[in-house]
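Trainee:
Number of protein chains: 2
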Amino acid sequence: MRSGERAPLFELKTSRPSRFDSRRIVTDLLASGGIAIDGGEPWDIRVHDERFFDRLLREESLGLGESYMDGWWDCPSIDQMICRSFDAELHTRLKLDWATVLSELRVRLLNLQSIRRAPRVARTHYDLGNAFFERMLGPTMTYSCGYWRKARTLEESQDDKHELVCEKLDLDSGDRLLDIGCGWGRLLRHATEGRGCRAIGITLSQNQIDWAKPRSGALSIDYWLADYRDPRLVQSAPFDKIVSVGMFEHVGRRNYRRYMECVHRLLADDGLFLLHTIGNHPHAGVDVWTERYIFPNSVTPSQRDLVSAIGELFIIEDWHNFGADYDRTLMAWHENFERHAAEPDFPYDERFKRMWRLYLLMFAGTFRSRMRMQLWQLVLAKKGRRGGYRSVR
Amino acid sequence: MRSGERAPLFELKTSRPSRFDSRRIVTDLLASGGIAIDGGEPWDIRVHDERFFDRLLREESLGLGESYMDGWWDCPSIDQMICRSFDAELHTRLKLDWATVLSELRVRLLNLQSIRRAPRVARTHYDLGNAFFERMLGPTMTYSCGYWRKARTLEESQDDKHELVCEKLDLDSGDRLLDIGCGWGRLLRHATEGRGCRAIGITLSQNQIDWAKPRSGALSIDYWLADYRDPRLVQSAPFDKIVSVGMFEHVGRRNYRRYMECVHRLLADDGLFLLHTIGNHPHAGVDVWTERYIFPNSVTPSQRDLVSAIGELFIIEDWHNFGADYDRTLMAWHENFERHAAEPDFPYDERFKRMWRLYLLMFAGTFRSRMRMQLWQLVLAKKGRRGGYRSVR
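Line by line, the protein sequences give chains Z and V.
Heads up: the first sequence at position 215 corresponds to 426 in my numbering, and the numbers run straight through without jumps.
Heads up: the second sequence at position 296 corresponds to 507 in my numbering, and the numbers run straight through without jumps.
In structure tokens form, the structure reads like this:
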């Protein structure tokens, strides 16, 4: 949150550098990360519109993103450029702008993920259309980080991740499983087919249910259009195992504790809960561009956020960081996306293409640099597994 | 800390139950955990002195421990009795006594592990004598939880633990390693011999250094009689890898943050830090009996304590809970101890024997029940390992 920087922010607004100065400031800043303007390396930036420099200094991440969408600059390898920027900690040397401050305040003061508002992210992002996600995500339709320890393809990485989750949960045929934020249901099908357990999956997207249901055949899966706070879940409790993959990012800081309390209430006393989530650096605020264009109302938790919310409810049995695997996952999605975007019947315009490309490559570079974002899988137990929890990798 | 219980505490003091009531209350309480007074099961309690019931209700853990030392009660399997007590959550149904409250306040208000006071635990516990520990710990002289995934003996479990640590730290011959609280140096010898790295080990016990030095031969190990805050360490920094096994329990709550800052300062930017520590339940205070007789000034951290102290200094790469392995380790130590205590030249009296037996078996039972105490190994990085941290088990 970089508090206490209010004074220099104001200074920046009142004595904004001229365009000539902006070019020099940005050029020097990028040079310290080994990135050149109009240079020949894949991570160098080619600037098409001189207003880029001003906009970047004025609006930081938002300016960088919107000016890319507007075609003001290009870069042969945005992922490498972003990774180098974080490695050189350039982000800490750009001043905070008012949009960031206001967005941060909004996250802190409002409950952006109240039951009423929560469907918003489902509508704007996940409802882009199943056809779109089929092209980008491939046959697994899994929109979260794969596990690349042995995998050679995107599909393998997702199936390996699902198998890893089943192993970590020690899932067997007698178990009832709840999947909070089940997406298109691949994990549910993997678990019920492979382990013979019964399962309920909840999501806020009717599109996902419509896609998943006919593909689940005779497997013992119920799909519910429901929020994790839905009182009907309590009536179905206790669940032996609960899993939540890539959904906690949409829960919102003010609901972290409530979320953990809900899971605690739904989980059997000797059950296990696996939480798979992106982790953020404690000092990182909300990225304004991502919040505006990609994931409205989303915020990733820090390690302290997680453990505070867990409180005395759960014992940490296991905590696995495989953030570097998100780099490979995002690069695979990007490859699929570009192939799709090059097709003549691609239904979105150039600005959308640039927006989506920036999103995928920016996150790939961020995960590659490792400092800023993590991918964590936590295994939590109410009382600790008798005989010891057997951690797997 | 069970705050807000002041009123009933006072009530207990003013209207203390008569001895007859005490027997009934304790008998009922234990019965709800399946433990009988003078029953025939190994976890049943045989009471030799009727004052036991009063003392247990009045002084809880301290009364339980001291009355055992005084020979007022016996139990064929103290570990099973303790495990059953925790499983039935009997500890939450005994009132807090004033000794617990005062001891807790002491931990909160005083810095019991200041540089000046820190040697106290080393003097009273670790200086019991190397001969004593050689008998109890066996040839590895390792006084921390072993790793029993594949091990069949205590010695194997300790060597496997040391190999696990080396693997998790990705230790190689170019590394400089710092071991904070190196004990009798087995980990240092394992690491320098197996990986060819150079190392410094620090301890507050001259006894440990005297024992370890002649056994380190030509290995590249320096032993320092030093505190983790010792300014000479900064002059030797940065270290590529830092490890601390079973020492954080003596750091003290008020020093957790300082400890993490010290490690952060001493660690190379791309280095790794492995912290091996007992973990406590967030609601558990200090156990008065243990504090008084076994580990003066010691307190085990909760998961929240750890993550608060880590703050923004480190990224969590890995968190491994193998608390159940402490049960097996303690039972193995107990076996060694009883063999030693039965020898005619055993140099301590009956009261010491009972004290030490209770300590080992009480902790074995506590770790077996899993709810109350954990054994955690955390791997922490300043910036996250490039290419991803490869977690091992």
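Heads up, the beta-carbon is just placed ideally off N, CA and C, and yes, glycines get one too.
For V/W192, which residues of its own chain have a beta-carbon under 6 angstroms away from its beta-carbon, when the five flanking residues on both sides are left out?
Mentor: The structure shown does not extend to residue 192 of chain V, since chain V is modelled only from 212 to 604, so the question has no answer here.
Trainee: Ends of the alpha helix (DSSP H) at Z/A520?
Mentor: In the first sequence, the residue the question calls residue 520 of chain Z occupies position 309. It spans 514-521 - the alpha helix (DSSP H) in which Z/A520 sits, taken as one unbroken run.
Trainee: What are the partner residues of V/R269, as DSSP defines its beta bridges?
Mentor: For this step, residue 269 of chain V is matched to residue 58 along the second sequence. Paired residues: none, contrary to the question.
Trainee: Can you name the residues of chain Z whose CB is closer than 7 angstroms to the CB of V/G482?
Mentor: Within the second sequence, residue 482 of chain V is the residue found at index 271, counting from 1. By Cβ distance, chain Z contributes nothing, its closest Cβ being about 14 angstroms from V/G482, past 7 angstroms.
Trainee: Taking any Cβ of chain V, which residues in the segment 287-304 of chain Z have a Cβ under 8 angstroms from it, in chain order?
Mentor: Those would be none; no residue qualifies.
Trainee: Do V/K372 and V/T353 count as a contact pair if the criterion is CB distance below 9 angstroms?
Mentor: As a working mapping, residue 353 of chain V is identified with position 142 in the second sequence. As a working mapping, residue 372 of chain V is identified with position 161 in the second sequence. Taking 9 angstroms as the Cβ cut-off, V/T353 and V/K372 qualify as a contacting pair.
Trainee: If distances are taken between C-alpha atoms only, which option among Z/M471, Z/N418, Z/Y570, Z/L382 comes closest to Z/G394?
Mentor: For this step, residue 394 of chain Z is matched to residue 183 along the first sequence. With distances taken between Cα atoms, Z/G394 lies closest to Z/N418.
Trainee: Taking only three categories from DSSP, how would you classify V/Y439?
Mentor: One-based indexing of the second sequence puts residue 439 of chain V at position 228. Of the three classes helix, strand and coil, the one that applies to V/Y439 here is coil, per DSSP.
Trainee: Check distances from the C-beta atoms of the segment 245-256 of chain Z to those of chain V and list, in chain order, the residues that come in under 9 angstroms.
Mentor: Answer in chain order: no residues at all.
Trainee: Starting from Z/E528, find everything on chain V with Cβ-Cβ shorter than 8 angstroms and list it in chain order.
Mentor: Translated into the one-based positions of the first sequence, residue 528 of chain Z becomes position 317. Residues of chain V passing the Cβ test: N532.
Trainee: With a threshold of 9 angstroms between beta-carbons, can Z/M582 be considered close to chain V, or not?
Mentor: For the purposes of this step, residue 582 of chain Z is taken as the residue at position 371 of the first sequence. Interface residue, yes.
Trainee: Just to confirm the assignment, what range does the beta strand (DSSP E) spanning Z/E528 have?
Mentor: In the first sequence, counting from the first residue as 1, residue 528 of chain Z sits at position 317. 526-532 is the span of the beta strand (DSSP E), which, as asked, contains Z/E528.
Trainee: So with CB distances below 7 angstroms, who are the chain V contacts of Z/E600?
Mentor: As a position in the first sequence, residue 600 of chain Z is number 389, starting the count at 1. Sequence check: residue 600 of chain Z is Tyr here, not Glu. Within 7 angstroms Cβ-Cβ: N532.
Trainee: Should Z/A535 be flagged as near chain V, meaning a C-beta pair shorter than 9 angstroms?
Mentor: Against the first sequence, residue 535 of chain Z aligns to sequence position 324. At least one chain V Cβ lies under 9 angstroms of Z/A535.
Trainee: Starting from the Cα of V/D281, find the closest Cα among V/K452, V/V258, V/M292 and give me that residue.
Mentor: In the second sequence, counting from the first residue as 1, residue 281 of chain V sits at position 70. Looking at the Cα atoms, V/V258 is the closest of the given residues.
Trainee: Quick one: list the residues of chain V neighbouring Z/S243, beta-carbon separation under 9 angstroms, in chain order.
Mentor: The residue given as residue 243 of chain Z occupies position 32 in the first sequence. Ordered by position in chain V, no residue passes the 9 angstroms Cβ test against Z/S243, which lies about 17 angstroms from the chain.
Trainee: Could you pull out every residue in the same chain whose Cβ sits closer than 8 angstroms to the Cβ of V/D298, ignoring the five residues on either side in sequence?
Mentor: Here residue 298 of chain V is taken as the residue at index 87 of the second sequence, counted from 1. Answer for V/D298: G244, S580, M582, listed in chain order.
Trainee: Which residues, in chain order, does the segment 483-496 of chain V contribute to contact with chain Z at a C-beta distance below 9 angstroms?
Mentor: Cβ contacts with chain Z come from G490, H492, P493, H494.
Trainee: Quick one: which chain V residues come within Cβ less than 7 angstroms of Z/K621?
Mentor: A query on residue 621 of chain Z cannot be resolved here, the shown segment of chain Z reaching from 212 to 604 and no further.
Trainee: Under 9 angstroms, CB to CB, which of the residues in the segment 500-523 of chain Z have a partner in chain V?
Mentor: Cβ contacts with chain V come from S513, Q514, R515, L517, V518, S519, I521, G522, E523.
Trainee: Would DSSP call Z/L430 helix, strand or coil?
Mentor: By one-based count along the first sequence, residue 430 of chain Z stands at place 219. Looking at Z/L430 - three-state DSSP - the assignment turns out to be coil, as it is neither helix nor strand.
Trainee: Are the beta-carbon atoms of Z/S355 and Z/H487 separated by less than 9 angstroms?
Mentor: Residue 355 of chain Z sits at position 144 when you count from the first residue of the first sequence. Residue 487 of chain Z sits at position 276 when you count from the first residue of the first sequence. Result yes, Cβ atoms of Z/S355 and Z/H487 sit closer than 9 angstroms.
Trainee: By how many angstroms is the C-alpha of Z/S519 removed from the C-alpha of Z/N532?
Mentor: As a position in the first sequence, residue 532 of chain Z is number 321, starting the count at 1. As a position in the first sequence, residue 519 of chain Z is number 308, starting the count at 1. If I take the Cα positions, the gap works out to 18 angstroms.
Trainee: Report, in whole angstroms, the separation of the C-beta atoms of Z/G392 and Z/T414, which I expect to be a contact under 8 angstroms.
Mentor: On the first sequence, residue 392 of chain Z is found 181 positions in, with the first residue counted as 1. On the first sequence, residue 414 of chain Z is found 203 positions in, with the first residue counted as 1. That belief holds up - the Cβ atoms of Z/G392 and Z/T414 are roughly 6 angstroms apart, short of 8 angstroms.
Trainee: Check whether the Cβ of V/L267 lies closer than 9 angstroms to any Cβ atom in chain Z.
Mentor: Along the second sequence, read from residue 1 onward, the residue named residue 267 of chain V stands at position 56. Not one chain Z Cβ lies under 9 angstroms of V/L267.
Trainee: Are any of the Cβ atoms in chain Z nearer than 9 angstroms to that of V/V376?
Mentor: Numbered from 1 along the second sequence, position 165 holds the residue referred to as residue 376 of chain V. By this cut-off, V/V376 is not an interface position.
Trainee: Taking contact to mean 3 or more Cβ pairs, one atom from each stretch, closer than 8 angstroms, check whether the segment 564-576 of chain Z and the segment 282-298 of chain Z are in contact.
Mentor: With a cut-off of 8 angstroms, the segment 282-298 of chain Z and the segment 564-576 of chain Z count as touching, because enough Cβ pairs lie within range.
Trainee: Below 7 angstroms between beta carbons is the criterion; list the residues of the segment 394-420 of chain Z that meet it against any residue of chain V, in chain order.
Mentor: Those would be none; no residue qualifies.
Trainee: Locate the alpha helix (DSSP H) running through V/F343, then write down its first and last residues.
Mentor: The count along the second sequence starts at 1 and reaches residue 343 of chain V at position 132. Its alpha helix (DSSP H) spans residues 341-348.
Trainee: For a quick check, are the C-beta atoms of V/G340 and V/W500 less than 9 angstroms apart?
Mentor: Residue numbering aside, residue 340 of chain V sits at position 129 when the second sequence is read from its first letter. Residue numbering aside, residue 500 of chain V sits at position 289 when the second sequence is read from its first letter. Against a cut-off of 9 angstroms, the Cβ pair of V/W500 and V/G340 comes out as no contact.
Trainee: What's the C-alpha gap between V/D481 and V/T303?
Mentor: Residue mapping note: residue 481 of chain V aligns to position 270 of the second sequence, counting from 1. Residue mapping note: residue 303 of chain V aligns to position 92 of the second sequence, counting from 1. Cα to Cα, V/D481 sits roughly 45 angstroms from V/T303.
Trainee: What does the alpha-carbon distance come out to for the pair Z/G385 and Z/P449?
Mentor: For this step, residue 385 of chain Z is matched to residue 174 along the first sequence. For this step, residue 449 of chain Z is matched to residue 238 along the first sequence. Rounded to the nearest angstrom, the two C-alpha atoms are 13 angstroms apart.
Trainee: Per DSSP, which one or two residues make a beta bridge with V/R469?
Mentor: Counted from its first residue, the second sequence places residue 469 of chain V at position 258. Beta-bridge pairing links V/R469 to no other residue.
Trainee: Let's see if you can read the secondary structure: which residues bound the alpha helix (DSSP H) around V/G576?
Mentor: Looking up residue 576 of chain V in the second sequence gives position 365. It spans 561-580 - the alpha helix (DSSP H) in which V/G576 sits, taken as one unbroken run.
Trainee: 9 angstroms is my cut-off, CB to CB: does Z/R597 come that close to chain V?
Mentor: As a position in the first sequence, residue 597 of chain Z is number 386, starting the count at 1. True, the Cβ-Cβ gap to chain V drops below 9 angstroms.
Trainee: Quick check: Z/L399 and Z/D390, are their CB atoms within less than 9 angstroms of each other?
Mentor: Your numbering for residue 399 of chain Z matches position 188 in the first sequence. Your numbering for residue 390 of chain Z matches position 179 in the first sequence. Going by C-beta atoms, Z/L399 is nearer than 9 angstroms to Z/D390.
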